[in-house]
Amino acid sequence: MSRRLKQAAVVFVVAVATLFGMRQPVLAQDKPALIVEVVVGRSGFIDEVWDHFSTIGGGARVFVTPRLAIGPEVAYLSGKEDVREASNLTVTANMTFDIVRDDGRRRIVPYLAAGGGYLRQKTLVGSGPGSTALVPFTSSEGTMSAGIGARIALGSQMFVAPEFRLGWEPETRIAVTIGMRFR
Numbered sequence: 016m017s018r019r020l021k022q023a024a025v026v027f028v029v030a031v032a033t034l035f036g037m038r039q040p041v042l043a044q045d046k047p048a049l050i051v052e053v054v055v056g057r058s059g060f061i062d063e064v065w066d067h068f069s070t071i072g073g074g075a076r077v078f079v080t081p082r083l084a085i086g087p088e089v090a091y092l093s094g095k096e097d098v099r100e101a102s103n104l105t106v107t108a109n110m111t112f113d114i115v116r117d118d119g120r121r122r123i124v125p126y127l128a129a130g131g132g133y134l135r136q137k138t139l140v141g142s143g144p145g146s147t148a149l150v151p152f153t154s155s156e157g158t159m160s161a162g163i164g165a166r167i168a169l170g171s172q173m174f175v176a177p178e179f180r181l182g183w184e185p186e187t188r189i190a191v192t193i194g195m196r197f198r
């Protein structure tokens, strides 16, 4: 038997043994129901000074395992950037991991959150040295954040979830999510 064939056989045996060794019983492995959310909060950008923006948005979470959920989120941020009105739109893909399993009986479920995606900013900027005129400016870039939150049950389907995130564009976000589970 050639050396390459022996190596391939060893890799195959190790892979099969690993897969069979990782088998776990499927007792009570149901995934939580789809979640639809509304997000309200404050987001902060730092340039020379902190610029804080009101934030409102929405999203959904689909559980791919009993504790891991993924889903989209769209958020609109508005406020003043250095004294000029500005607005931002973020479209992100989010992932949450429940620290304890949400089995429907727990009142509080803490989770870790992370996301990344697209940010579009619109503001007015000066038109050049010595000019007092302002012109519209739009830019686009990536955004990412990570943080922690906790879903607090308000009933069998409704919940409220305070959440704090740090990231890049915006650098901070403190929000409250109001959500509904579709069972």
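Quick note: the sequence shown uses the numbering used here, first residue 16, plus one each step.
Beta carbons are placed, not taken as given, at the ideal position from N, Cα and C, and that holds for glycine.
Residues of its chain near residue i, where Cβ-Cβ distance is below 7 Å and the 5 sequence neighbours each way are ignored
{"i": "residue 82", "result": "112, 113 and 116"}
{"i": "residue 78", "result": "46, 47 and 84"}
Residues near residue i by beta carbon distance below 6 Å, same chain, minus five either side
{"i": "residue 38", "result": "Because residue 38 sits at a pLDDT of 47, beneath the cut-off of 50, its placement in the model cannot be relied upon, and the point is left open."}
{"i": "residue 55", "result": "71 and 191"}
{"i": "residue 140", "result": "152"}
Residue range of the unbroken beta strand (DSSP E) whose run includes residue i
{"i": "residue 146", "result": "No beta strand (DSSP E) contains residue 146, which DSSP labels as neither H nor E."}
{"i": "residue 46", "result": "Segment: none, residue 46 is in no beta strand (DSSP E) and carries neither H nor E."}
{"i": "residue 100", "result": "99–113"}
{"i": "residue 131", "result": "123–141"}
DSSP-derived helix/strand/coil call for residue i
{"i": "residue 170", "result": "coil"}
{"i": "residue 164", "result": "strand"}
{"i": "residue 154", "result": "strand"}
{"i": "residue 180", "result": "strand"}
{"i": "residue 80", "result": "coil"}
{"i": "residue 188", "result": "strand"}
{"i": "residue 196", "result": "strand"}
Contact set for residue i: own chain, Cβ-Cβ below 8 Å, skip 5 residues either direction
{"i": "residue 87", "result": "74, 75, 106, 107, 108 and 109"}
* To do: Would you be able to state if there are at least three C-beta pairs under 8 Å between the segment 182–189 and the segment 148–155?
  => no
### Message
In chain order, what are the residue ranges of uninterrupted beta strand (DSSP E) at least 3 long that sit wholly in the segment 49–78?
### Response
49–61 and 65–78
Quick check: the segment 157–171 against the segment 131–148, are there 3 or more CB pairs under 8 Å? yes
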